[in-house]
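In the numbering used here, the protein residues as written are 188 to 708. The structure appears below as structure tokens.
What follows is the structure, given as structure tokens:
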């Protein structure tokens, strides 16, 4: 295959390629009360069924909202969808608001965190039981950290430009290989995302609740922070899982990935076995394997395919190859009422396109360990100017600044091609703006937020002030993509679908679980 410049030239020949990127956003946010405390109320009735509403659901807890946009090919449309969903939701929350940060608001104790409830159908009960397992394995506090997931796909015209005409099976193979090449480059260079956009340099002291840490925290009132941290959400304290660090799941091919994932799902865990699976007639977790189900794998990026009814994610990948990727390392942007900005989306367009077009050698376990170490350095110390990162396993090191500038030299070329195709300067402007942040860590989101926390005297008062502002702006928003009628119709439709699911069950829950996990036997 040709090198980066030639690949970029191939796709640049068809400007339509850049008008057809598929994008979707999933944004999580905690409901909280006036006092900056986690809400203990059930999922609001006015939002319909969290089990079946396609745009508004819950994640781990009743209080942890999750908003899901449809796939779109236009950034303005994507942002309008997000704003509309936030507006509709806020109108149903009464005095409650949406927490504007990744790290949780004040939680007095874990008992205040009620697991998400989805109804009485077997599938719904399984979703809640999965969360019961997460609670017992890792604790509830870690599970209510919020993030933003960005789903992204290239159009067929992108692959046509790179590979020419292909038979269906050959195209499926080429796309999967290319997406895994992108994933490897994401692991190598994706630390740029927490460097620029990490927004969790601090946490409420209530988050620790007796958990031990060796991190050298400093205090602003009752707020803990690290002076140069970017994303504590992505640190060992946050939404990662050290129990999984021993898993050797490779990214050199779809076969290698599925093989590693399959082993993790089938590997018994002595630690989790001690919790018990069903004790005195009550389930505590789905099973005692390293992963209860595939979703439990913590990863900064995932290969994905839309599943068919009853199909597991890995079965979908095995059937049809990689269809899109899910970027999972974005913190909630506290400077946006919807948790993410157009500029961030544009940077991800650039970065993911570059990661797909630039060379991507196979990655062994040693290199996997190197990238993990680089990410860990950036999330806890990324704003320390001159921070050294390791290149592969040969001991060579570069500063974050030197390495980032090397990447941006090629990102600028991608930006020029995209702007030319779309008749805009927007991508070049994002590139120029963010490249200046490389030399000025104080401009990054984490630095801006830490400044604000210091001015406000703590994370809680900062979150409440931003939350108040965003409540007003979300309420004042006027629909641009959806309509009030569409949103209300989805609420009614979601309730009907939940009822149908509950009436359709013919097995008891034990038999349902046995059938679901038959593939493990």
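Ideal placement from N, C-alpha and C gives every residue a C-beta, glycine not left out. Just so we're clear, the structure is a prediction, and the values are computed from it rather than from any experiment.
- Around the C-beta of residue 665, fewer than 16 other C-beta atoms lie within 10 Å, and the residue is accordingly described as exposed.
- Taking 9 Å as the cut-off, the Cβ atoms of residue 381 and residue 569 count as close.
- When secondary structure is reduced to three states using DSSP, residue 684 falls in the helix class.
- DSSP places residue 267 in the helix class (H, G or I) of the three-state scheme.
- For residue 319, the enclosing alpha helix (DSSP H) has its first and last residue at 309-325.
- Residue environment for residue 330: buried (at least 16 other C-beta atoms within 10 angstroms of its C-beta).
- Put simply, of 254, 292, 260, 368 the residue whose alpha carbon is nearest the alpha carbon of residue 653 is 292.
- Secondary-structure assignment with DSSP links residue 406 through a beta bridge to 411.
- Secondary structure of residue 381 (DSSP, three-state): helix.
- Assigned with DSSP and collapsed to three states, residue 299 falls in helix.
- Residue pairing by DSSP puts residue 389 in a beta bridge opposite 412.
- In this structure, the CA atom of residue 699 is about 23 Å from the CA atom of residue 245.
- In the displayed model, residue 216 falls within a strand according to three-state DSSP.
- Counting along the chain, residue 336 sits inside the beta strand (DSSP E) bounded by residues 334-340.
- Residue 419 and residue 692 have their alpha carbons spaced roughly 42 Å apart.
- In the displayed model, residue 542 falls within a helix according to three-state DSSP.
- Counting C-beta pairs closer than 8 Å gives fewer than three between the region 316-336 and the region 560-578, which falls short of the contact rule.
- The beta carbon of residue 318 sits closer than 7 Å to the beta carbons of 247, 302, 303 from its chain, once the five residues preceding and following it are set aside; these are given in chain order.
- Three or more Cβ pairs drawn from the region 262-277 and the region 207-220 lie within less than 8 Å of each other, which places the two stretches in contact.
- Excluding residues up to 5 positions away in sequence, 361 lie with their Cβ nearer than 7 Å to the Cβ of residue 353 in the same chain.
- Nearest to residue 367 by alpha-carbon distance, out of 295, 394, 512, is 512.
- Of the candidates 626, 546, 491, 626 places its Cα closest to the Cα of residue 573.
- Excluding sequence positions up to five before and after residue 661, its CB lies within less than 7 Å of the CB of 273, 274, 277, 524, all in the same chain and listed in chain order.
- DSSP places residue 251 in the uninterrupted beta strand (DSSP E) bounded by 251-255.
- DSSP lists 252 as the beta-bridge partner residues of residue 245.
- In this structure, residue 586 places its C-beta atom within 9 Å of the C-beta atom of residue 575.
- The three-state secondary structure of residue 305, taken from DSSP, is coil.
- The beta-carbon separation of residue 493 and residue 510, rounded to 6 Å, stays under the 8 Å limit for a contact.
- In the structure shown, residue 507 adopts helical secondary structure according to DSSP, grouped into three states.
- The three-state reading of DSSP puts residue 605 in helix, counting H, G and I together.
- Residue range 488-491 is occupied by the beta strand (DSSP E) that includes residue 489, with no alpha helix (DSSP H) assigned at that position.
- Rounded to whole angstroms, residue 231 and residue 286 show a C-alpha spacing of 16 Å.
- Nearest C-alpha to residue 522 among 651, 686, 484: 651.
- C-alpha of residue 682 to C-alpha of residue 191: approximately 50 Å in a straight line.
- In the DSSP assignment, no residue is bridged to residue 351.
- In the structure shown, residue 579 falls within a coil segment according to DSSP collapsed to helix, strand and coil.
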